[in-house]
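Protein chains in written order, with the numbering used here: chain A, 12 to 347; chain B, 12 to 347; chain C, 12 to 347; chain D, 12 to 347.
Protein chains: 4
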Amino acid sequence: MRSVSVGVIGTGWIGQDHIRRITERVVGARVVAVADIDPERAKQVASDVEARALPTGQDVIDAPEVDAVVVTSWGPTHAEYVLAAIAAGKHVFCEKPLATTAEDCLRIVEAEQVHGRRLVQVGFMRRYDAGYRQLKQVIDAGDIGTPLMMHCAHRNPTVPEGYHSAMAAQDTAIHEIDTVRWLLDDEIVSAQVLTPRSTSNKFEHLTDPQFMLFEMAGGARIDLEVFVNCQYGYDIRCETVGETGAVSLPDPAQVWLRDAGQVRTGVYQDWKDRFAEAFDVELAEWVRAVRDDALTGPSAWDGYAASVISDATVESLRTGGVVNTQLKDRPEFYGG
Amino acid sequence: MRSVSVGVIGTGWIGQDHIRRITERVVGARVVAVADIDPERAKQVASDVEARALPTGQDVIDAPEVDAVVVTSWGPTHAEYVLAAIAAGKHVFCEKPLATTAEDCLRIVEAEQVHGRRLVQVGFMRRYDAGYRQLKQVIDAGDIGTPLMMHCAHRNPTVPEGYHSAMAAQDTAIHEIDTVRWLLDDEIVSAQVLTPRSTSNKFEHLTDPQFMLFEMAGGARIDLEVFVNCQYGYDIRCETVGETGAVSLPDPAQVWLRDAGQVRTGVYQDWKDRFAEAFDVELAEWVRAVRDDALTGPSAWDGYAASVISDATVESLRTGGVVNTQLKDRPEFYGG
Amino acid sequence: MRSVSVGVIGTGWIGQDHIRRITERVVGARVVAVADIDPERAKQVASDVEARALPTGQDVIDAPEVDAVVVTSWGPTHAEYVLAAIAAGKHVFCEKPLATTAEDCLRIVEAEQVHGRRLVQVGFMRRYDAGYRQLKQVIDAGDIGTPLMMHCAHRNPTVPEGYHSAMAAQDTAIHEIDTVRWLLDDEIVSAQVLTPRSTSNKFEHLTDPQFMLFEMAGGARIDLEVFVNCQYGYDIRCETVGETGAVSLPDPAQVWLRDAGQVRTGVYQDWKDRFAEAFDVELAEWVRAVRDDALTGPSAWDGYAASVISDATVESLRTGGVVNTQLKDRPEFYGG
Amino acid sequence: MRSVSVGVIGTGWIGQDHIRRITERVVGARVVAVADIDPERAKQVASDVEARALPTGQDVIDAPEVDAVVVTSWGPTHAEYVLAAIAAGKHVFCEKPLATTAEDCLRIVEAEQVHGRRLVQVGFMRRYDAGYRQLKQVIDAGDIGTPLMMHCAHRNPTVPEGYHSAMAAQDTAIHEIDTVRWLLDDEIVSAQVLTPRSTSNKFEHLTDPQFMLFEMAGGARIDLEVFVNCQYGYDIRCETVGETGAVSLPDPAQVWLRDAGQVRTGVYQDWKDRFAEAFDVELAEWVRAVRDDALTGPSAWDGYAASVISDATVESLRTGGVVNTQLKDRPEFYGG
Ligand SMILES: [Mg+2]
Ligand SMILES: [Mg+2]
Ligand SMILES: [Mg+2]
Ligand SMILES: [Mg+2]
């Protein structure tokens with residue numbers, strides 16, 4: 012069994028986390044080369060895992076010992092590196108977003124089709140969470156009949172000051188945007204944002220919470236509460252209601268404590284803890300798929316669709332109205 | 012302690028149920044007179060509880076031995092009987108709706124003010140459910156901070172063929188319309204209905220489920236799934252999300268069974284079972300309040316507001332757009 | 012429908028509570044006479060409900076207007092009053108214990124048989140709790156197959172200093188002793204008490220918690236944790252394990268709060284709150300049964316059995332060994 | 012980071028599973044040599060992972076390329092291989108039981124002390140389960156005060172015909188025997204088995220369920236239901252009750268389905284699924300500890316203690332009485 016040699020572009024928090032993961036948790040892969048805009052940081056990170064630090068991301072892509080690339084650099088650079096990896100004929104795992112504009116996503120989609128085989132996977136890790144996978148299994152088995160509605164919530168305890176209102180769609184809801192499309196195997200055709208009274212526990216500039224509404228091509232309706240300063244924890248909720256039943260994501264299992272007049276259990280404070288196992292499974296399955304040259308994870312098309320729908324959501328936040336999404340026709344290459 | 016002698020107008024299912032309740036479950040009250048559009052039915056029901064059967068509802072109101080009136084006749088007759096009871100200076104408990112038009116509700120509101128003391132209570136029984144009362148207590152105590160959103164669901168297993176699409180607002184959502192106003196101590200200022208793909212388990216003419224959106228004067232946003240053919244049970248859900256926490260109505264406690272690879276508990280099939288205790292408490296508290304001439308339950312104003320908001324909801328179902336509600340100014344008489 | 016006129020002997024806490032219940036919550040009964048060892052207290056309580064205060068319990072039993080008697084006096088006086096009520100041919104509801112010795116219980120059992128119809132009901136209110144009734148229904152329906160084991164816990168937050176170690180069986184476990192016999196429709200044949208390390212949150216003289224083991228005639232085994240200083244709440248647990256499944260008493264439904272990194276719900280602090288509805292149902296059904304002269308609640312035999320088994324449990328607490336219970340043969344009169 | 016080369020003795024089901032785990036899930040280790048009593052099976056398994064098949068377990072231990080040994084052969088051979096590994100100065104992970112007699116366990120304990128550093132780890136995987144680890148964390152933090160009782164259940168849906176009554180202690184309860192000692196950081200000083208009515212869903216020769224009672228040196232009392240033909244699933248329960256609170260192992264998180272009048276979630280059918288992650292973590296941490304020559308997992312002493320207590324439990328099953336356990340004094344080497 013050949014080991015996959017991975018090059019990582021971008022060694023900020025998430026880059027370092029993926030490097031640690033590939034090194035300590037994923038069998039059959041190791042990190043051999045890294046680059047970062049901060050060469051000192053790249054050197055430090057590289058030496059920890061006995062990899063080479065290279066001057067640029069392009070150098071990582073070009074390095075002959077690199078079998079596959081992980082892009083965890085700053086969002087605006089994603090498209091360039093993904094396109095370069097495709098040009099080099101190398102598999103590339105790109106953290107969300109695939110690109111910061113729908114146009115760039117489309118260029119990637121087109122480049123990959125020209126290459127003729129899937130090379131790109133986007134980092135939508137929820138598809139690898141055990142609870143979401145069970146949800147999908149129940150839905151696909153027809154156990155709740157045809158899905159008609161989904162009720163979702165995405166809550167963070169707090170966000171840093173740099174977080175602005177459009178990020179509720181771009182950074183936060185984008186996970187549900189992908190999850191919904193995947194769970195229902197259907198496309199989102201419109202988006203709308205309602206703005207409840209904002210919490211006082213936030214920076215002045217921020218509209219929080221936001222209540223988002225999505226409509227699917229097949230007629231199902233999705234609602235999603237995004238509330239990134241809910242104070243109490245990182246809490247992800249998802250109920251799918253079908254013609255004969257409803258199925259819900261469980262809260263993660265933690266011990267139950269009975270004390271002081273209460274029965275209680277913990278809520279995670281951090282998405283990194285909540286989805287730690289999903290990240291592990293995501294990278295392990297990606298490495299296996301790379302080795303078999305048979306990617307099945309979230310595709311460039313999924314990255315493109317998420318980008319278009321996220322743009323529509325942001326536009327609705329500005330206008331208040333329903334914004335129809337304008338996706339290209341899905342190519343056969345992506346199961347269209 | 013004087014016993015309250017009650018006259019009941021309308022001896023259909025809910026009328027008979029209230030008569031049984033007053034007779035068997037409520038201390039300090041008894042049914043002394045009944046009337047129904049079907050005199051034979053009235054006679055039968057009356058003889059069961061040793062009451063008099065009278066020819067008309069007006070006769071019940073006029074009967075000198077009747078202290079207070081319960082109106083459980085056909086909806087279009089409610090306004091007439093409630094107004095007559097007010098004219099007679101007698102307390103009147105009216106099943107929802109208070110009247111079938113906002114105008115008639117307003118006439119009642121005005122007549123009661125002319126009388127000078129509250130005489131009218133509307134049958135919104137959820138205010139007497141232990142779970143909802145706990146919800147209100149938590150919200151009022153400030154335990155979740157200022158409320159920002161409520162997520163609700165109202166699901167019935169099935170409905171009879173006579174149920175039509177406007178009834179989703181008029182008969183079903185009307186409970187949440189009242190509950191939300193009461194829980195948040197705030198007024199609904201707009202309503203909108205979205206229509207997800209309809210279930211195939213229904214009559215052709217019916218739009219089901221409906222997804223309703225309400226906005227409060229204070230800025231909180233409410234969403235409500237009404238799904239009256241959900242097949243699996245009568246299921247009421249309500250989560251209120253505030254600035255620092257969220258609080259949810261519990262599922263009713265039933266035993267947990269572990270068998271055949273499952274851990275499971277039952278879901279009620281019928282609103283009459285789900286809210287049986289709430290109905291008992293509602294009538295017991297009403298009788299007590301009548302005796303003390305100090306009504307505190309849902310008022311004629313609440314009946315009027317529910318009517319206006321229900322109308323707006325039905326209009327939105329027709330038009331698809333947001334419909335602003337146009338309530339009169341709340342009189343001081345009703346705590347305005 | 013004739014109203015049942017009740018005489019109450021003993022107007023301490025539980026007596027007053029039953030008087031309030033009969034007056035305010037139970038239709039078809041009223042309190043007409045009371046007596047107490049403290050005549051001033053009797054007078055006060057009597058005047059609140061427009062009843063007569065009589066000098067002695069025997070006077071209450073003898074009063075011609077008294078249809079049925081409630082005995083809520085000090086335990087050692089129970090037997091005398093119950094026997095007197097039987098002698099007078101009047102129904103008598105006796106709070107636990109039926110008598111403070113098995114011999115006295117047996118005298119009651121014999122007197123009642125001589126009378127020829129059931130007159131005595133013992134206050135084991137758990138048989139009227141909705142959760143326990145569901146448990147019984149599931150067991151009786153065969154949904155878990157033949158019961159093999161029951162795991163129970165009976166926890167109080169604290170007890171007053173007067174509570175001594177034998178009361179763990181006599182006052183606390185006696186509820187489970189009755190419940191188990193009723194749920195399994197089987198007799199307890201031996202008892203044993205194990206003594207875990209005692210909590211430091213208690214008075215010196217007290218052995219707490221106690222872990223009790225019971226064996227049924229049919230071979231099922233029961234274990235019961237009695238822990239009366241558990242600090243955190245009044246918590247009742249019961250799981251019955253059968254050949255094909257297990258069924259558990261649910262925790263009472265209370266709202267769920269998500270805040271401060273927790274998902275939590277409340278635990279009752281007081282048995283009076285936990286079983287408030289059971290007490291209401293108990294007395295309402297007793298009044299109905301008295302009116303119909305057709306008692307079905309916990310019988311004098313159940314009181315006798317509980318007494319014998321409680322004695323055996325106390326003896327085991329002293330000796331540490333297994334103590335076999337020595338019940339008389341159950342007379343046909345009691346379904347033997 | 013040097014990779015640990017593992018030799019595996021015994022390639023039955025659990026051996027193959029550990030080989031797969033080391034190969035596919037554990038970073039930093041690979042299987043280089045295997046042996047089995049069936050040489051053909053050994054060859055087959057070896058070729059799957061590109062390891063050598065050697066004639067005997069001793070050959071595996073002696074192979075110079077083998078850094079550490081995993082013993083998954085037939086129980087009666089464990090002691091021999093573990094002693095041989097110690098003699099060779101190699102780390103050895105031994106599936107439970109460490110040996111089939113307490114005497115052999117003691118020989119291992121002594122040999123390891125002679126060697127002077129810990130070499131032996133026993134396969135009690137529950138210490139690596141996330142839920143149990145949380146339990147331990149809560150107990151160690153003092154969040155429930157001093158532990159006084161533990162209520163446990165260990166249920167399997169069914170067992171094969173070869174399973175006999177003593178295996179309830181030796182194979183099944185042995186997990187709780189270790190878990191309890193570890194959670195409470197205390198020693199078991201007596202064991203007793205009570206035998207409820209047996210289920211009819213079993214082979215004639217088997218006593219099932221068994222209800223086990225353990226007493227700790229510190230006075231805490233443990234009860235454990237072992238029920239290996241419970242039909243409905245593989246279900247592990249554990250509640251620890253302390254002076255100020257109680258903490259419970261959660262059921263594993265699975266989606267909640269609302270359909271057909273029920274709210275329900277799944278129960279695992281198989282211990283391999285229930286503890287799959289615990290097995291992964293166990294071997295990953297063992298490999299790391301081997302590399303650092305710093306074992307922290309269940310020790311030879313834990314294997315010895317489990318053996319003595321399991322023997323006492325089996326003896327009580329035979330005699331019915333309380334059997335005191337007779338452990339040697341715990342050497343300082345093992346933290347005594
Ligand atoms: Mg790796
Ligand atoms: Mg009444
Ligand atoms: Mg009464
Ligand atoms: Mg490995």
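Glycine included, each C-beta is placed from N, C-alpha and C at the ideal position.
- The DSSP assignment places no complete alpha helix (DSSP H) segment of no fewer than 4 residues inside the region 245 to 280 of chain C.
- For Leu328/C, there is no enclosing beta strand (DSSP E); the residue is part of the alpha helix (DSSP H) that begins and ends at 311 to 330.
- In the DSSP annotation of this structure, the continuous segment of the beta strand (DSSP E) that includes Cys105/A starts and ends at 102 to 105.
- Residues of chain B whose Cβ lies closer than 8 Å to the Cβ of Trp267/C are, in chain order, Val258, Ser259, Pro261.
- Neighbours of Gly68/D in chain C, taken as residues whose beta carbon is under 8 Å from its own, are absent, since the nearest beta carbon is some 42 Å off.
- For Thr218/B and Gln280/B, the gap between their C-alpha atoms comes out near 21 Å.
- Residues of the same chain with their beta carbon placed closer than 6 Å to that of Asp284/B are lacking, with the five preceding and five following residues left out of the count.
- For the pair Ile233/D and Val258/D, the Cα-to-Cα distance works out to about 14 Å.
- A Cβ of chain D is located within less than 8 Å of the beta carbon of Gln242/C.
- Relative to the Cα of Thr330/B, the nearest Cα in the group Thr88/B, Thr206/B, Glu198/B belongs to Thr206/B.
- Under the three-state reduction of DSSP output, Asp219/B falls in the coil class, being neither helix nor strand.
- By the 16-neighbour rule on beta-carbons within 10 angstroms, Phe135/A is buried.
- Closer than 8 Å to the CB of Ala46/B there is not a single CB belonging to chain D.
- Here Phe238/B carries a strand assignment [DSSP, helix/strand/coil].
- By the criterion of at least three beta-carbon pairs nearer than 8 Å, the region 320 to 340 of chain A is not in contact with the region 16 to 23 of chain B.
- Residue-level contact by beta carbon holds for Arg208/C and chain D, with a gap shorter than 8 Å.
- When rounded, the separation of the alpha-carbon atoms in Val319/B and Ile25/C is 49 Å.
- Within chain D, no residue has its CB atom less than 7 Å from the CB of Asp115/B, the nearest being about 39 Å off.
- For a Cβ distance threshold of 9 Å, nothing in chain B lies close to Leu65/A: the least Cβ distance comes to about 48 Å.
- Against chain A, the CB of Phe222/B has a partner CB under 8 Å away; the residue lies at that interface.
- For Pro158/C, there is no enclosing alpha helix (DSSP H); the enclosing beta strand (DSSP E) has its first and last residue at 158 to 166.
- Closest in alpha carbon position to Cys105/D, among Asp73/D, Thr255/D, Thr88/D, Tyr143/D, is Thr88/D.
- Glu187/A is the residue among Ser310/A, Ser84/A, Ile20/A, Glu187/A whose C-alpha sits nearest the C-alpha of Thr251/A.
- Residues Gly21, Thr22, Ala53 of the same chain have their beta carbon placed closer than 7 Å to that of Asp47/C, with the five preceding and five following residues left out of the count.
- Assignment of Glu35/D by DSSP, reduced to helix, strand and coil, places it in the helix class.
- Looking at Phe222/B, Arg299/B, Glu343/B, the one whose alpha-carbon comes closest to that of Ala40/B is Arg299/B.
- The region 229 to 243 of chain B and the region 158 to 175 of chain B touch, with three or more beta-carbon pairs separated by less than 8 Å.
- Residue-level contact by beta carbon holds for Glu35/C and chain B, with a gap shorter than 8 Å.
- According to DSSP, residue pairing for Arg63/B in a beta bridge involves Ala44/B.
- Only Leu146, Val149, Asp154, Ile155 from the region 146 to 158 of chain A bring a Cβ to less than 7 Å from some Cβ of chain D.
- At a cut-off of 8 Å, the C-beta of Asp234/B has a neighbouring C-beta in chain A.
- Taking all protein chains shown into account, Asp262/D has 16 or more neighbouring C-beta atoms within 10 Å of its C-beta and is therefore buried.
- For the C-beta of Gly272/B, the chain D residues within less than 9 Å are, from N- to C-terminus, Pro168, Tyr243, Gly244, Gly277, Val278, Tyr279, Gln280.
- If you draw a 10 Å sphere on the C-beta of Pro309/D, you find 16 or more other C-beta atoms in it, and that means buried.
- The beta-carbon of Val42/C is placed no less than 8 Å from the nearest beta-carbon of chain B.
- Put simply, the CB of Glu215/A is far from chain B, with every gap to its CB atoms at 8 Å or more.
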